[in-house]
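Only one structure is covered here, and it is reproduced in the block below.
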Amino acid sequence: MKSALAALMLVALAGAAQAQNQVAAGRYQAILADCEGCHTAPGGKPFAGGLVLQTPFGNMAVPNITQDRVTGIGTWSETDFRRAVREGIAPGGKRLYPGMPYPYYARMSDADVSSLWAYLETVAPVRHAVQADQLRFPFNIRSLMAAWNFLYFKQADFKPTLDKSAEWNRGAYLVTGAGHCGACHTAKSLLGADRAAALTGDSLQGWFAPEITGAKSRGVGDWSVGDVVTYLKTGWSAHGVASGPMSDVVERSTSEMNDGDLKAIAVYLKDQPAAKEPPLPSVARDDPAMRTGAVLYQNNCVGCHGWEGKGEKLIFPPLAGNAVLVQPSAESLIRVVLAGAQAVATKAAPTEPSMPSFAWKLNDRQLADLLTYIRNSWGNQAGAVSEKDVAKTRASLRGGT
Amino acid sequence: MTKLLPRKDVVIMGLGWTGAIMAQELTDAGLDVVAIERGPWRDTGTDFNIGYMQDELRYSVRKELFLSPVLEAMTMRNSTDQTALPMRDYGSFLPGYGVGGAGVHWNGYVWRFFPTDFQLKTHLTQRYGARRVSELQLEDWGVSYDELEHCFDQFEYLCGTSGKAGNLKGQTIDGGNVFEGPRSREYPTPPLKMPYVSVLFAEAAKNMGLHPFPAPAANLSQPYVNPLGVAMGQCSYCGFCERFACANYSKAMPQTTVLPVLMKKRNFEARTECEVLKINLHPDGKTAKSVTYVDRAGQEYEQPGDIILLCGYGLMNVRMMLLSGIGKPYDPATGTGTVGRNYCYQTQGGGVRLIFEGKHFNPFIAAGALGSTIDDFNGDAFDHSNLDFVGGGGVSCGTSNGRPIGYHPTPEGTPRWGSKWKKAVAETYQNTMAFGAQGSSYPVRGNYLDLDPTYKDRFGRPLLRVTFDFPDNDLRMSNYISDQLAKLGRSMNPKELTVSHARKGWNSVPYQTTHNTGGATMGANPKTSAVNRYLQSWDVSNLFVLGASAFQQNAGKNPTGTVGALAYWTAEAIRDRYLKKPGALVQT
Numbered sequence: 001m002k003s004a005l006a007a008l009m010l011v012a013l014a015g016a017a018q019a020q021n022q023v024a025a026g027r028y029q030a031i032l033a034d035c036e037g038c039h040t041a042p043g044g045k046p047f048a049g050g051l052v053l054q055t056p057f058g059n060m061a062v063p064n065i066t067q068d069r070v071t072g073i074g075t076w077s078e079t080d081f082r083r084a085v086r087e088g089i090a091p092g093g094k095r096l097y098p099g100m101p102y103p104y105y106a107r108m109s110d111a112d113v114s115s116l117w118a119y120l121e122t123v124a125p126v127r128h129a130v131q132a133d134q135l136r137f138p139f140n141i142r143s144l145m146a147a148w149n150f151l152y153f154k155q156a157d158f159k160p161t162l163d164k165s166a167e168w169n170r171g172a173y174l175v176t177g178a179g180h181c182g183a184c185h186t187a188k189s190l191l192g193a194d195r196a197a198a199l200t201g202d203s204l205q206g207w208f209a210p211e212i213t214g215a216k217s218r219g220v221g222d223w224s225v226g227d228v229v230t231y232l233k234t235g236w237s238a239h240g241v242a243s244g245p246m247s248d249v250v251e252r253s254t255s256e257m258n259d260g261d262l263k264a265i266a267v268y269l270k271d272q273p274a275a276k277e278p279p280l281p282s283v284a285r286d287d288p289a290m291r292t293g294a295v296l297y298q299n300n301c302v303g304c305h306g307w308e309g310k311g312e313k314l315i316f317p318p319l320a321g322n323a324v325l326v327q328p329s330a331e332s333l334i335r336v337v338l339a340g341a342q343a344v345a346t347k348a349a350p351t352e353p354s355m356p357s358f359a360w361k362l363n364d365r366q367l368a369d370l371l372t373y374i375r376n377s378w379g380n381q382a383g384a385v386s387e388k389d390v391a392k393t394r395a396s397l398r399g400g401t
Numbered sequence: 402m403t404k405l406l407p408r409k410d411v412v413i414m415g416l417g418w419t420g421a422i423m424a425q426e427l428t429d430a431g432l433d434v435v436a437i438e439r440g441p442w443r444d445t446g447t448d449f450n451i452g453y454m455q456d457e458l459r460y461s462v463r464k465e466l467f468l469s470p471v472l473e474a475m476t477m478r479n480s481t482d483q484t485a486l487p488m489r490d491y492g493s494f495l496p497g498y499g500v501g502g503a504g505v506h507w508n509g510y511v512w513r514f515f516p517t518d519f520q521l522k523t524h525l526t527q528r529y530g531a532r533r534v535s536e537l538q539l540e541d542w543g544v545s546y547d548e549l550e551h552c553f554d555q556f557e558y559l560c561g562t563s564g565k566a567g568n569l570k571g572q573t574i575d576g577g578n579v580f581e582g583p584r585s586r587e588y589p590t591p592p593l594k595m596p597y598v599s600v601l602f603a604e605a606a607k608n609m610g611l612h613p614f615p616a617p618a619a620n621l622s623q624p625y626v627n628p629l630g631v632a633m634g635q636c637s638y639c640g641f642c643e644r645f646a647c648a649n650y651s652k653a654m655p656q657t658t659v660l661p662v663l664m665k666k667r668n669f670e671a672r673t674e675c676e677v678l679k680i681n682l683h684p685d686g687k688t689a690k691s692v693t694y695v696d697r698a699g700q701e702y703e704q705p706g707d708i709i710l711l712c713g714y715g716l717m718n719v720r721m722m723l724l725s726g727i728g729k730p731y732d733p734a735t736g737t738g739t740v741g742r743n744y745c746y747q748t749q750g751g752g753v754r755l756i757f758e759g760k761h762f763n764p765f766i767a768a769g770a771l772g773s774t775i776d777d778f779n780g781d782a783f784d785h786s787n788l789d790f791v792g793g794g795g796v797s798c799g800t801s802n803g804r805p806i807g808y809h810p811t812p813e814g815t816p817r818w819g820s821k822w823k824k825a826v827a828e829t830y831q832n833t834m835a836f837g838a839q840g841s842s843y844p845v846r847g848n849y850l851d852l853d854p855t856y857k858d859r860f861g862r863p864l865l866r867v868t869f870d871f872p873d874n875d876l877r878m879s880n881y882i883s884d885q886l887a888k889l890g891r892s893m894n895p896k897e898l899t900v901s902h903a904r905k906g907w908n909s910v911p912y913q914t915t916h917n918t919g920g921a922t923m924g925a926n927p928k929t930s931a932v933n934r935y936l937q938s939w940d941v942s943n944l945f946v947l948g949a950s951a952f953q954q955n956a957g958k959n960p961t962g963t964v965g966a967l968a969y970w971t972a973e974a975i976r977d978r979y980l981k982k983p984g985a986l987v988q989t
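Sequence order for the protein chains is A and B. Taking my numbering, the leading residue of the first sequence gets 1, the next gets one more, and so forth. Taking my numbering, the leading residue of the second sequence gets 402, the next gets one more, and so forth.
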């Protein structure tokens, strides 16, 4: 009798340990999918929602996914959760907008979604009602999402590519699945569906998410696998620094991923085909914009970024060979110089240095010349920046977007 | 109506160098820490913008980063038979304000005091006899250089200090400071590149048998990542250090070394624009209960804490003790009492200016602590047997700035304005070098701090009263160094040589130095010190008083290195001793 009880207890203990492991695994899935990144308002409780996403279709408030039964998802079953995450359909048939990246999460395995649910079940309920979406007509008609799904959404499990390594496939699973990199880095149509080749860059929320394929210069083709891993882990690399929305991604998601997964992501990204767009023209050194830009660079930028645009490790981003600088769109670059920016802080790189704002000091023409110079010096080749581009970003920053 | 707040493990007044270091160390020890800072939040990207930080009018002339006398003034006098008057503007010294404190606007010299400085009374008495020091009120510090060595090392590595060791584990090294105490390892970064004036100075000094070395600087010679993982950049020699914050992340400040890590901690909180009014004691008077502070809106709060740390500027720490009735106020008539005792300054003077022809010194290629130094005339590095004083000064020659408003040297006899003045400035700007002593300041009975009987601040609290004049011993010391430096200057064959001499009658108006020390001194004897060797109040055992207020005398060096070392020393004592057994760490 005693031994039977002991055996029963052992089974129970093993079950508890397994559940514990599943919760830990689910927590890691939440990191991979960066759930907390969107489902937490600035200064708010984790997963309690309220962050407002700005999309071309209007503003979208991210819901509460804590276990609260009234304002969260405390009444959901695992099946409900699986359907929402992988098909974009909430209980009662309510259609989710693809601001929730379910077209990516569709590739997550059953086991990974199960553990994610096991983890979310342990998150303390928070009573926090999130305001309804503020989408423009006709995007505010949820049932239209059924048509969208019919047109664009392919419910497909992840299928390994057999002639690629296990590591490459793990990278593919993460990038196209939980990691949902394409949500920002792949260009979208007016209807929000993928428009261009995957991961070749796109503009969103006033930033340009750069190309992250194996392209030389513009992508990560010139980066070593180690460079990509370091970037995702610390926010820093010899080729650039995470800023804008990518700071949040690094801080909450990639810096917490394990090294094996980061390496797999790097291997996969470096093997992705480059955008087919032709290389941008270089601007001649004796172009008036370049000459003015050089003087402005010496007077404003040299102190930190150096005469050769090399920057300094972990403190001043390099400008020479910096992929963000040579994207077809100079949007991020203009924004950083106008508004300033703060680098991400991670455990490995806590400094969080700031680029100050120069909006008060440089006019549109000067800023355009300066950026033309930076985009076409020290081996960079990315075409001229126009005064109009600067004026547009300056106006949008004034408008608070 | 005062709002009572929930208890914290540690309550810190002031978030400058010592507040930041103490908070970093004690949060690492697992304690829940709040820092209450009178001034505003300040950070590099938002407040020290590279595009306008070099605004000399705004920061140097109009002193934007400094404490305004509207918020807290002091009264000054030279002796007890005078009536002290409040200053309308800070002049002789400039206390910092806001997060980072004076650690924002300092030049960046990171010195270690000599081993003998910590046992000055014993050392000088043994070497020269009691009579020689009878006019001074010297005391030992109750702690030795050897005990502090690892703390100096910690502060230097936190800052990334650029320098060259002159004594590694007892081995003397040419090119470094051969008079310094033994250090356990080399500086974290190599010395800055020396400007031309420093090269000439060093050559002349060597020719006279002296020992020049590059001054240890917190303006970094190369990029650096400190032990907390915080990265700093290379100094660009812009010459906007003193009176300015560094916009290039290349001068060590709390913002560039500690705060990025500290501010992210869940067990740390900084409350800015909140001014501590007083420390409240438990009824027995032996432990502190809380601090009362007022926020920007005028709301008063009581913040209880198990440990209270005074981390303000030294003078403010002393005032807070006096306002809170902690310790016995010092009485110069009898030489008894401890709080306010042994206030010291820094004996400037001994300055030599040389004007040459045909040089291109380019003084605008500059950094706060950039230069070559000799310690041959400092402290007790030289034999005073046949001299009529004790003490000395470090002599530095470098370029700290060549700024357009503040720096326009002219030869003797030049008109103060007009075309002749302009012509002289144009000729002399590139041809002038200067060096002078950072002289020691030793305590005497009549120099002290107390509360002013008449003048009050905006909360109705008495202002601090500073009673000070340069002691005769220090003037004799300074004049001796003037003579030595004049010799050194003449050996360089300048076209014009001017020598300045320190004089009696301290004047609080022209800027001299912000190196105020003493008033809450550390020691082994509770009758002659306000805090014990761990900077713990003898009277209130859960109160620690950080900063230069602990110095028994000021050495011939800038104080920040020793201030930083003492902070690490105190943090270690709280972590390793006090937390295990709260109460007095030294029995009386």
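Every residue, glycine too, gets a C-beta built ideally from N, C-alpha and C. Quantities reported herein were computed from a predicted structural model and do not represent experimental measurements.
Local Cβ density within 10 Å of residue i, reported as buried at 16 or more and exposed below that
i, result
"B:Gln-425", "buried"
"B:Gly-634", "buried"
"A:His-185", "buried"
"B:Asn-608", "exposed"
"A:Arg-398", "exposed"
"B:Gly-501", "buried"
"A:Val-229", "buried"
"B:Val-791", "buried"
"B:Asp-490", "exposed"
Inter-residue Cα distance where the pair is residue i and residue j
i, j, result
"A:Phe-158", "A:Tyr-173", "7 angstroms"
"B:Leu-472", "B:Thr-526", "43 angstroms"
"A:Gln-48", "B:Asp-456", "In the sequence as displayed, the identity of residue 48 of chain A is Ala instead of Gln. Rounded to whole angstroms, A:Ala-48 to B:Asp-456 spans 46 angstroms at the Cα level."
"A:Asp-287", "A:Tyr-373", "10 angstroms"
"A:Ser-332", "B:Trp-907", "56 angstroms"
"B:Asp-444", "B:Gln-656", "6 angstroms"
"B:Val-941", "B:Leu-986", "11 angstroms"
"B:Gly-769", "B:Met-834", "15 angstroms"
"B:Val-662", "B:Leu-864", "36 angstroms"
"B:Leu-559", "B:Pro-628", "6 angstroms"
"B:Thr-918", "B:Asn-718", "11 angstroms"
Chain-order list of residues whose beta-carbon lies under 6 angstroms from that of residue i (same chain, five-residue window excluded)
i, result
"A:Gly-44", "Gly-50"
"A:Phe-153", "Pro-103"
"B:Arg-862", "Leu-724"
Cut-off 7 angstroms between Cβ atoms - residues of its own chain near residue i, not counting five sequence neighbours on either side
i, result
"B:Ala-648", "Thr-445, Phe-449, Asn-450, Ile-451 and Met-454"
"A:Arg-82", "Val-113"
Neighbourhood of residue i by C-beta distance below 8 angstroms, restricted to the same chain and skipping five residues each side
i, result
"B:Ser-801", "Asn-508, Gly-640, Cys-642, Glu-643, Ala-767, Ala-768, Gly-769, Ala-770, Leu-771 and Gly-772"
"B:Glu-587", "Lys-565, Ala-566 and Leu-569"
*Spell out a yes or no on whether the stretch 942-956 of chain B and the stretch 515-532 of chain B are touching, meaning 3 or more CB-CB pairs, one atom from each, closer than 8 angstroms.*
Yes, they touch.
*Taking a Cβ distance cut-off of 8 angstroms, strictly less, list which residues of the stretch 349-377 of chain A are near chain B, in chain order.*
Ala-349, Pro-350, Thr-351, Glu-352, Pro-353, Ser-354, Met-355, Pro-356, Ser-357, Phe-358, Trp-360 and Lys-361
*asked:* Against chain A, which members of the stretch 615-640 of chain B pass a CB distance test of less than 8 angstroms?
replied: Pro-624, Val-626, Leu-629, Gly-630, Val-631, Ala-632, Met-633, Gly-634, Gln-635, Ser-637 and Cys-639
_Residues in the stretch 311-325 of chain A having any Cβ partner in chain B nearer than 8 angstroms_ = Glu-312, Lys-313, Leu-314, Ile-315 and Phe-316
*What residues from the stretch 419-435 of chain B come within 7 angstroms of chain A, judged by C-beta to C-beta, listed N to C?*
none
*Between the stretch 636-643 of chain B and the stretch 680-698 of chain B, are three or more C-beta pairs nearer than 8 angstroms?*
The stretch 636-643 of chain B vs the stretch 680-698 of chain B: no contact.
_Meets three-Cβ-pair contact criterion under 8 angstroms: the stretch 160-176 of chain A and the stretch 253-265 of chain A_ = With a cut-off of 8 angstroms, the stretch 253-265 of chain A and the stretch 160-176 of chain A count as touching, because enough Cβ pairs lie within range.
*asked:* Residues of the stretch 645-674 of chain B in Cβ contact with chain A at a cutoff of 8 angstroms, in chain order, please.
replied: Ala-648, Asn-649, Tyr-650, Pro-661, Val-662 and Lys-665
*Would the stretch 935-950 of chain B and the stretch 805-820 of chain B be scored as touching if the rule is three or more Cβ pairs under 8 angstroms?*
no
*Short-range partners of chain A found in the stretch 754-766 of chain B, where Cβ spacing is below 7 angstroms*: none
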